[in-house]
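Taken in order, the sequence shown gives residues -23 to -1, 1 to 204; the numbers are from mature numbering (1 follows the signal peptide of the UniProt record, and there is no 0).
I have placed the structure first, in the form of structure tokens, so that the comments after it can refer back to it.
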Amino acid sequence: MVSRIFFKLFVISSVTGSLFFFNACNSALEAGSAAGIQGMDAASLSIDQYPVEEISQAESDGMVYMREEEKLARDVYKTLYTHWNIRVFNNIPRSEQQHMDAIKLLLDRYQLEDPVGNDSLGVFKNETLQELYNTLTTQGSVSLVEALKVGALIEEIDILDLQRELDDDVDNQDITFVYENLMKGSRNHLRAFVRNLSRQGVEYVPQKLSEEQYLEIINSDWERGRR
């Protein structure tokens, strides 16, 4: 998976440098707000419009991994909120919880074991994600700018991972539906972090996305999830 490679490179090099599954207003999105997100019962109904199809091992592994990767985002942002007490780190974790919940619906639908378990903050079954959580929260505690860069990095990698899953492994309609909406949310979250960095006088340089991919996201409108 893309992130396993990127995350290890990130840890070694010590780089310093949303799903809004449902509709939310543009101003709320810009602030990283979870306002306007509907309950997961609606998500379940949306997923239930698709058939339960046979899943490949790659699809199964991907869902399990993405469940914890979304938890990583939520937990890092929650931890950084305790350091910096700014709205973006308080609001986006609510959206990341919706990301987690959406993938949990898929895990339950296909009767797959949930790696999150009792969902302790900062605890991960996947060792790579555990190491990354430790590294990113340490880096993000250095300064507010570094914290916002951590947020942007997480969203970049989330976008790349989801796109890889869709390109290489996923053909089930329900998984595709969820992942495409997760990507919309992650692109919105990236926009929110970049705008917050701009307010700090920092012009963000993408760390994992190509310049072309990054500019296409940043120069496009806020996105809404579809049912």
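All C-beta atoms in this analysis are idealised placements derived from N, C-alpha and C, irrespective of residue type, glycine included.
Using a Cβ distance threshold of 7 Å, Val122 and Val179 count as a contacting pair. At a Cβ-Cβ threshold of 7 Å, Leu106 and Leu49 count as neighbours.
DSSP places Ile136 inside the alpha helix (DSSP H), whose first and last residues are 121 to 141. Of the other Cβ atoms in all chains shown, 16 or more fall within 10 Å of the Cβ of Asp52; this residue is therefore buried. If you draw a 10 Å sphere on the C-beta of Gln75, you find 16 or more other C-beta atoms in it, and that means buried. By the C-beta criterion, the region 142 to 154 is judged to be in contact with the region 27 to 34, since at least 3 inter-stretch pairs fall below 8 Å. In the DSSP annotation of this structure, the continuous segment of the alpha helix (DSSP H) that includes Lys81 starts and ends at 64 to 86.
Linking Thr59 to Gly117 through their CA atoms gives a straight-line distance of about 11 Å. Within the same chain, and ignoring the five residues on either side of Tyr54 in sequence, the residues whose Cβ sits closer than 7 Å to its Cβ are Phe66, Ile69, Pro70, Glu73, Gly128.
With contacts defined by Cβ atoms closer than 7 Å, Leu125 and Phe170 form a contacting pair. By the Cβ-count criterion, Gly39 is buried, with 16 or more other Cβ atoms from all chains shown falling within 10 Å of its own Cβ. In this structure, the straight-line span from the alpha carbon of Lys81 to that of Trp199 is close to 25 Å.
For Gly178, there is no enclosing alpha helix (DSSP H), as DSSP marks it with neither H nor E.
Here Gln34 carries a helix assignment [DSSP, helix/strand/coil]. Taking C-beta atoms under 8 Å as the contact rule, Ala79 and Val155 qualify, at a distance of about 5 Å.
Three or more pairs of CB atoms, one per stretch, sit closer than 8 Å, so the region 134 to 142 contacts the region 181 to 201. Taking all protein chains shown into account, Arg176 has fewer than 16 neighbouring C-beta atoms within 10 Å of its C-beta and is therefore exposed. DSSP places Glu104 in the uninterrupted alpha helix (DSSP H) bounded by 104 to 117.
The residue from Asn62, Glu132, Arg86 with its alpha-carbon nearest to that of Ser163 is Glu132.
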